[in-house]
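J.: Under UniProt numbering, the residue at position 214 of the sequence shown is numbered 214, and the numbers go up by one with no gaps.
Don't be surprised by glycine CBs; every beta carbon is placed ideally from N, CA and C.
Since we're looking at a predicted model, the values are computed, not measured.
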Amino acid sequence: MSESLHVSRNGHILEIILDRPKANAIDAKTSFEMGDVFIKFRDDPELRVAIIIGAGERFFSAGWDLKAAAEGEAPDADFGPGGFAGLTELFNLDKPVIAAVNGYAFGGGFELALAADMIVCSQNASFAVPETKLGIVPDSGGMLRLPKILPPAIANEMMMTGRQMNAEEALRWGIVNRVVESGQLMEVAREMAHQLALSAPLAVAAIKEIYRETGEMSVEEGYRHIRSGKLKNYPSVLHSEDALEGPKAFAEKRDPVWKGK
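What follows is the structure, encoded as structure tokens:
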């Protein structure tokens with residue numbers, strides 16, 4: 001495994017630590033390696049949830065490695081499977097990812113966090129997309145995901161001026177799920193991951209699929225699409241062994257045993 005990534009398994013949960021001192025910045029090589037990790041996570045039936053965190057307490061990730069950029073790495077370089085940081089364009093990942101943001105999440109680091117399904121951050125976390133200050137734009141998802149979360153004026157201010165948003169403001173706007181003390185960050189992220197792992201994996205996959213497929217549709221259009229037979233995960237849930245196991249376990253007053261099929 002790469003010296004920049006520390007990957008470990010804890011039951012159904014995968015933990016990924018990005019470790020590239022001093023700012024956990026990501027170059028193309030690291031991005032390829034992250035893509036490989038996320039694809040293996042996607043394809044491993046035993047894994048249900050992933051947590052991504054930056055090493056240390058100051059930086060989640062400063063985004064694109066500007067040293068690599070200064071040495072000739074182009075903004076539109078090939079960053080590998082899954083796009084920048086291995087996750088920002090991995091659209092067929094139907095398992096949840098939690099970003100545990102410890103400190104600064106700038107540029108591509110913020111875009112990596114936005115590509116996750118949930119974000120828990122420390123009180124000292126700070127978020128920004130400062131690309132315009134570098135003559136580029138936040139095209140690893142920032143321009144596409146932020147306007148879906150924030151009011152237009154706030155999204156425009158962040159993207160056009162690069163101003164920073166602190167943890168409490170990010171919570172207020174619904175960018176993050178939790179703000180916790182730094183020492184509790186991984187504890188809270190692991191508890192969130194544990195709760196996700198208790199859910200039926202096919203049901204979670206169906207929710208991600210439906211959200212992805214119907215996000216731009218009206219409610220009426222969404223209903224038609226869900227019932228069209230074009231989706232993969234949703235019909236599988238309805239006729240799965242897990243759909244039988246859930247009610248049975250409830251009636252028998254025991255924890256369900258999910259098979260993911």
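Where Pro96 and Ala197 are concerned, what is the direct C-alpha to C-alpha distance, given to the nearest angstrom?
T.: Each residue's alpha carbon lies about 9 Å from the other.
J.: Give me, in chain order, the residues of the same chain whose beta-carbon lies closer than 6 Å to that of Lys133; leave out the 5 immediate sequence neighbours on both sides.
T.: These residues qualify, in order along the chain: Gly162.
J.: Using three-state DSSP, classify residue 302 as helix, strand or coil.
T.: Any question about residue 302 goes unanswered here, given that the chain covers just 1 to 261.
J.: Looking only at its chain, what residues have a beta carbon closer than 8 Å to the beta carbon of Glu111, apart from the 5 residues adjacent to it on each side?
T.: Cβ within range, chain order: Gly63, Phe84, Ala85, Thr88, Val129, Pro138, Ser140, Gly141, Gly142, Arg145.
J.: Taking 9 Å as the cut-off, decide whether the C-beta atoms of Glu131 and Gly103 are in contact.
T.: Contact flag unset, no.
J.: If distances are taken between C-alpha atoms only, which option among Asn166, Gln164, Trp173, Leu14 comes closest to Pro152?
T.: For Pro152, the nearest C-alpha among the options comes from Trp173.
J.: Whose C-beta lies closer than 7 Å to the C-beta of Arg224 among residues of the same chain, with five residues either side of it excluded?
T.: Around Arg224: no qualifying Cβ.
J.: Alpha helix (DSSP H) containing Leu114: first to last residue?
T.: First-last of the alpha helix (DSSP H) with Leu114: 108-115.
J.: Comparing alpha-carbon positions, which option in Arg178, Leu185, Lys208 lies nearest Asn92?
T.: Answer by Cα proximity: Lys208.
J.: Spatial neighbours of Gly35 within its chain, please: CB distance less than 6 Å, with the 5 preceding and 5 following residues excluded, ordered by chain position.
T.: Only Gly80, Pro81, Gly82, Gly86 meet the Cβ criterion.
J.: Specify, as a first and last residue, the run of the alpha helix (DSSP H) that Ile149 falls within.
T.: 142-149 is the extent of the alpha helix (DSSP H) around Ile149.
J.: One question on the structure: do Ile154 and Val101 come within less than 9 Å of each other, judged by their Cβ atoms?
T.: No.
J.: Start and end of the alpha helix (DSSP H) containing Gly222?
T.: Unbroken alpha helix (DSSP H) run through Gly222: 219-226.
J.: Nearest-angstrom Cα distance between Pro256 and Ser240?
T.: Cα-Cα distance, rounded: 14 Å.
J.: Name the DSSP beta bridge partners of Glu15, please?
T.: Answer is Ser8, Ile51, bridged to Glu15.
J.: With the cut-off set at 9 Å, would you say Ile149 and Val120 are in Cβ contact?
T.: Contact: no.
J.: Determine, using beta carbons only, whether Phe59 and Lys22 come nearer to each other than 9 Å.
T.: Contact: yes.
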